[in-house]
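Colleague: Per this note's numbering: the sequence shown = residues 0 to 388. Have a look at the structure that comes next, please.
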Amino acid sequence: MWRNAKNHIAVTWLCMLGLIVLQGCNIGHLDLHFAETIYKGQLLVEYDWSKSEKDEYIPDSMIVWAVRPVFYEKTASVWASLPAKGEDRLYGRSIAPDSPNFRAPYNNGTGRDSLFLIPGEWIVSSYSFSEASVEVVRDYINNQAEARDLLIYKKNVFEKLPERYYYWYERNPYSIWTKAGPRQALFLGRDTIVVDHVARPDSLYKATITPEFVEQIVTVNFEAELLDSDIQVDSIVCAMSGVITNMDLNTMGLDVSKTYSAIFHTDLTHTEDGYIRATGQLFTPGIVRSASSSMLQGPGLLSVCVFVSYDAENGERKYRRLDGTANLYHPLTETPSVLYDENDVVRQTTPELDLTIRSRMQISRDRLSCAHDAITPWEDATEFEAELN
Numbered sequence: 000m001w002r003n004a005k006n007h008i009a010v011t012w013l014c015m016l017g018l019i020v021l022q023g024c025n026i027g028h029l030d031l032h033f034a035e036t037i038y039k040g041q042l043l044v045e046y047d048w049s050k051s052e053k054d055e056y057i058p059d060s061m062i063v064w065a066v067r068p069v070f071y072e073k074t075a076s077v078w079a080s081l082p083a084k085g086e087d088r089l090y091g092r093s094i095a096p097d098s099p100n101f102r103a104p105y106n107n108g109t110g111r112d113s114l115f116l117i118p119g120e121w122i123v124s125s126y127s128f129s130e131a132s133v134e135v136v137r138d139y140i141n142n143q144a145e146a147r148d149l150l151i152y153k154k155n156v157f158e159k160l161p162e163r164y165y166y167w168y169e170r171n172p173y174s175i176w177t178k179a180g181p182r183q184a185l186f187l188g189r190d191t192i193v194v195d196h197v198a199r200p201d202s203l204y205k206a207t208i209t210p211e212f213v214e215q216i217v218t219v220n221f222e223a224e225l226l227d228s229d230i231q232v233d234s235i236v237c238a239m240s241g242v243i244t245n246m247d248l249n250t251m252g253l254d255v256s257k258t259y260s261a262i263f264h265t266d267l268t269h270t271e272d273g274y275i276r277a278t279g280q281l282f283t284p285g286i287v288r289s290a291s292s293s294m295l296q297g298p299g300l301l302s303v304c305v306f307v308s309y310d311a312e313n314g315e316r317k318y319r320r321l322d323g324t325a326n327l328y329h330p331l332t333e334t335p336s337v338l339y340d341e342n343d344v345v346r347q348t349t350p351e352l353d354l355t356i357r358s359r360m361q362i363s364r365d366r367l368s369c370a371h372d373a374i375t376p377w378e379d380a381t382e383f384e385a386e387l388n
């Protein structure tokens, strides 16, 4: 009998508790659909280009990647660097992930998306767009398992030089080509934003990015002496080998497993001593030195095409191209472009590097040379008569 009474009391209490819960729901008019409510805010990116010296240096597009460190969620997109005509804001195009949580495509033919971030603190970073980096950043975003994966900026590389360099005589075919100028390659900037836990898709969360140029500015200088007084140097075009193309944007470490060659032009001036001074610039993550001062192939070599003109005996104006190479082992040893740090990571040594070749180039009608005791000798590579129009 006592057992039946206890059971009756327990049932009574359960019934009362159920009524209280139901009554509470009715009083609050609660409509619980948690699974249908996804809070997210729309990302707005603004660029402050005040640290860019000239508008011509600003890249056409930028890659934006955002990381939420707490749960290591990532998203990436391509953004315009300046507003399109008639628009007051920038728009992006999703790279990854392919998820409605992070993007909603426009259907008006503009080729852009609405891009979203879910609640939390986000580190938003941006760097110059390159076609070679799109697949890298897509793999980086889709790799959710590795918390310390690399995000690599890759400069574009190509097998052949543009047609304008049809005259180039390749005597250092250890690698293919990349671009090292003008100064519009790698800009990088970051910001941190917090998306509210009740963010709505029509709420804008602004990341203000101030991109800074992070490639090394390499200035190459050398002097030339005319051995034949009747010749004129019209121009000097150079190619530097050992140019690094890949940089980890999270650590700023450089990949030196493979390097490339880059062509650049020089400005010619006359010194007070009557010599010609050639000055050119490269914009690159860094330059790798040759393994030996005697090597004439591989990284760390400067190849030149010197265009000269003179009057032949018959009075006709002749135009020739002279070819030569200098191994910059000693200049790159005295003032290295890159070095290993204490963790065996290759890093830039300085934002700006001056590479001065102290050995004076000697120019005659048919060849290049230098003094016999030159520390950095110029090796003539002119193999045939080349008359230019």
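Don't be surprised by glycine CBs; every beta carbon is placed ideally from N, CA and C.
#1: Taking Ser358 as the reference, which of Asn245, Ile94, Tyr328, Ile192 has the closest Cα?
#2: Thinking just about the alpha-carbon of each residue, which of Asn342, Ile140, Asn100 is nearest to the one in Thr250?
#3: Quick one: does Ser125 have its CB under 8 angstroms from some CB of chain C?
#4: For Glu120, which of Ile275, Thr191, Arg288 has the nearest alpha-carbon?
#5: Count the other C-beta atoms from every protein chain shown that fall within 10 angstroms of the C-beta of Ser293, then say buried if there are 16 or more, exposed otherwise.
#6: Beta-carbon separation of Tyr126 and Tyr90 under 8 angstroms?
#7: Relative to the C-alpha of Val255, which candidate in Thr270, Thr278, Gly285 has its C-alpha closest?
#8: Pick helix, strand or coil for Phe33, following the three-state DSSP scheme.
#9: Would you mind working out which of Ser98, Trp78, Ser60 sits nearest Glu72, comparing C-alpha positions?
#10: What residue range does the beta strand (DSSP E) around Arg346 cover?
#11: State the Cα-Cα distance for the pair Phe186 and Phe263, rounded to the nearest angstrom.
#12: In or out: Gly188 buried (at least 16 other Cβ within 10 Å) or exposed?
#13: How is Val136 classed by DSSP in three states: helix, strand or coil?
#14: Note down the Cα distance separating Phe118 from Arg67, rounded to an integer number of angstroms.
#15: If you draw a straight line from the alpha carbon of Ala325 to that of Arg170, how long is it in whole angstroms?
#16: Looking only at its own chain, which residues have a Cβ that is under 8 angstroms from the Cβ of Leu295, when we skip the five neighbours before and after it?
#17: Would you check if there are 3 or more beta carbon pairs closer than 8 angstroms linking the region 160-169 to the region 217-234?
#18: Looking at C-alpha atoms only, which residue of Tyr318, Thr218, Leu253, His371 is the closest neighbour of Asp340?
#19: With distances taken from CA atoms, which of Phe212, Cys369, Ile230, Leu331 is nearest Tyr56?
#20: What distance in whole Å lies between the Cβ atoms of Val307 and Gln231, which are believed to be in contact at a cut-off of 8 angstroms?
Modeller: Taking the definition as stated:
#1: On the sequence shown, residue 358 is found 359 positions in, with the first residue counted as 1. Residue Tyr328 is the option with its Cα nearest to Ser358.
#2: By 1-based counting over the sequence shown, the position of residue 250 is 251. In terms of Cα proximity to Thr250, the closest of Asn342, Ile140, Asn100 is Asn342.
#3: No chain C is present in this structure, which holds just one protein chain.
#4: Within the sequence shown, residue 120 is the residue found at index 121, counting from 1. The residue with the shortest Cα to Cα distance from Glu120 is Thr191.
#5: Locating residue 293 in the sequence shown gives position 294, counting from the first residue. Here Ser293 is exposed. Its C-beta has fewer than 16 other C-beta atoms within 10 Å.
#6: Start at 1 with the first residue of the sequence shown, and residue 126 comes out as number 127. Start at 1 with the first residue of the sequence shown, and residue 90 comes out as number 91. Their beta carbons are not under 8 angstroms apart, which means Tyr126 does not touch Tyr90 by this criterion.
#7: Within the sequence shown, numbered from 1, the residue matching residue 255 stands at position 256. Considering only alpha carbons, the answer is Gly285.
#8: As a working mapping, residue 33 is identified with position 34 in the sequence shown. Because the pLDDT of Phe33 is 43, which lies under 50, any placement of that residue in the model is unreliable, and the question is left without a value.
#9: Locating residue 72 in the sequence shown gives position 73, counting from the first residue. Glu72 has its Cα closest to that of Ser98, out of Ser98, Trp78, Ser60.
#10: Locating residue 346 in the sequence shown gives position 347, counting from the first residue. For Arg346, the enclosing beta strand (DSSP E) stretches over residues 345-347.
#11: For the purposes of this step, residue 186 is identified with residue 187 of the sequence shown, where counting begins at 1. For the purposes of this step, residue 263 is identified with residue 264 of the sequence shown, where counting begins at 1. Taking the straight line joining both Cα atoms gives about 20 angstroms.
#12: Position 189 of the sequence shown, counted from the first residue, corresponds to residue 188. Counting of Cβ neighbours within 10 angstroms places Gly188 among the buried residues, the total reaching 16 or more.
#13: If you number the sequence shown from 1, residue 136 lands on position 137. Residue state, collapsed to three classes: helix.
#14: Position 119 of the sequence shown, counted from the first residue, corresponds to residue 118. Position 68 of the sequence shown, counted from the first residue, corresponds to residue 67. The amino acid occupying residue 118 in the given sequence is Pro; Phe does not appear at that position. One C-alpha to the other measures close to 9 angstroms.
#15: Reading the sequence shown from its first residue, position 326 is the one you call residue 325. Reading the sequence shown from its first residue, position 171 is the one you call residue 170. Looking at the two C-alpha atoms, the distance is approximately 12 angstroms.
#16: To locate residue 295, count along the sequence shown from 1; it is residue 296. Excluding residues within five positions, the ones whose Cβ falls inside 8 angstroms are Arg170, Asn171, Thr324, Asn326, Glu378.
#17: Contact fails between the region 160-169 and the region 217-234, because fewer than three Cβ pairs, one in each stretch, are under 8 angstroms apart.
#18: Mapped onto the sequence shown, residue 340 falls at position 341. Ranked by Cα distance from Asp340, the options Tyr318, Thr218, Leu253, His371 are led by Leu253.
#19: Locating residue 56 in the sequence shown gives position 57, counting from the first residue. Closest option to Tyr56, Cα to Cα, is Phe212.
#20: Here residue 231 refers to the residue found at position 232 when the sequence shown is read from its first residue. Here residue 307 refers to the residue found at position 308 when the sequence shown is read from its first residue. With 8 angstroms as the limit, Gln231 and Val307 qualify as a contact, their Cβ atoms being about 6 angstroms apart.
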